[in-house]
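The sequence shown begins at 1048 in our numbering and counts up by one.
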Amino acid sequence: MLFKVEMNVCIPLNADPVAMAEIKAREKDYSQALQKSGKWRHIWRVAGQYANVSVFDVDSNEELHEILMGLPLQPYMDFKIEALCRHPSSIRDDDR
């Protein structure tokens, strides 16, 4: 199942910079492991914002939920999630 996930990050101005640096490092490791596994297929930064648009390829709604709740920055994120399906005019074979 493919999902488009928009993630907007809003870290409080008074957050501890040392703690946030550690959380961001864990976030990077977590997201890159998911990318290598194929679960997190695409990630794009939204220019000028602390935000991204990503595509996930997961087995279920529950798996996506668990992945998103496992993000170290999740307490500071808002999500917009949309299910995707293959477009009949697509010329790609791997965009199920």
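All residues carry an ideal CB built from backbone N, CA and C; glycine is no exception. Remember, it's a predicted structure, so these values are computed and weren't measured experimentally.
Check whether residue i and residue j have beta carbons under 9 angstroms apart
{"i": "Ile1090", "j": "Val1105", "result": "no"}
{"i": "Ser1107", "j": "Met1048", "result": "yes"}
Nearest neighbour of residue i, chosen from the options [CA to CA]
{"i": "Pro1119", "options": "Arg1139, Lys1051, Arg1092, Gln1079", "result": "Gln1079"}
{"i": "Met1124", "options": "Leu1049, Ala1094, Ile1058", "result": "Ile1058"}
{"i": "Tyr1097", "options": "Ser1107, Lys1071, Tyr1077", "result": "Lys1071"}
{"i": "Leu1081", "options": "Ser1136, Asp1141, Leu1111", "result": "Leu1111"}
{"i": "Pro1122", "options": "Gly1095, Glu1074, Val1065", "result": "Glu1074"}
{"i": "Phe1050", "options": "Ile1138, Glu1109, Asp1063", "result": "Glu1109"}
According to DSSP, residues forming a beta bridge with residue i
{"i": "Val1065", "result": "Partner(s): none; Val1065 has no beta bridge."}
{"i": "Lys1075", "result": "In the DSSP output, where bridge partners are listed per residue, Lys1075 has none listed."}
{"i": "His1089", "result": "Val1102"}
{"i": "Glu1110", "result": "Glu1110 is not bridged to any residue."}
{"i": "Leu1049", "result": "Asp1104, Leu1131"}
{"i": "Asp1125", "result": "Asn1055"}
8 angstroms contact criterion, which residue i and residue j should meet: CB distance rounded
{"i": "Phe1126", "j": "Ile1114", "result": "Going by Cβ atoms, the distance from Phe1126 to Ile1114 rounds to 11 angstroms, so no, they are not a contact pair."}
Touching or not, the segment 1077-1088 and the segment 1122-1142, by the rule of three or more beta carbon pairs under 8 angstroms?
-> no
Counting pairs of Cβ atoms below 8 angstroms between the segment 1108-1122 and the segment 1048-1062, do you hit three or more?
-> yes
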